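So the structure is just underneath, and the comments pick up after that.
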Amino acid sequence: GIFKMEQEDEIKQFNQLILNAQCQATRDVQIQEKKQIQADLAEEEKRLDIMMDKQYNKALKRANKIDELRKEQRIRGRQQICNQIQERLESKLIQDHQKEQERLRIEENQKRMKQEDLKA
């Protein structure tokens, strides 16, 4: 009977060792999986960060482009206003010149008429 009891004890110990080994293996697998999941998460986060950066940079470029366009529009607008003022000035100068010419012609005519009156 003692031999059988010893054998059973050995079997129990052996079974315990196997169980421990299995538990350890399972734990190792779980730790490995956890590490893998963390690595995957970190990778995904990095990918999202890069995407966000790209989106941000794109948005920034777009905003800068819009600013540039607005600046150009303002400059063009100012240029147009300057051109209009210039045109008005030139047109006024031409009108003034024409009025002056007209006034001189009228004066000439009046002088001539006076002289003709004197002759007559």
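In case it helps, our numbering puts the sequence shown at residues 265 to 384.
Where a beta carbon is used, it is the ideal one built from N, C-alpha and C, also for glycine.
Here the structure is a predicted model, which is why all the values come from computation and not from measurement.
For Gly265, the first and last residue of its enclosing alpha helix (DSSP H): Taken as a continuous stretch (DSSP letters only), Gly265 belongs to no alpha helix (DSSP H), as it is neither H nor E.
Ala285 in three-state terms, based on DSSP: Residue state, collapsed to three classes: helix.
Ignoring anything shorter than 3 residues, give me the beta strand (DSSP E) runs that lie fully in the stretch 271 to 356, in order along the chain. The stretch 271 to 356 contains no whole beta strand (DSSP E) run of 3 or more residues.
Work out the CA separation of Gln302 and Leu283 for me, nearest whole Å. Going from the Cα of Leu283 to the Cα of Gln302 covers about 28 Å.
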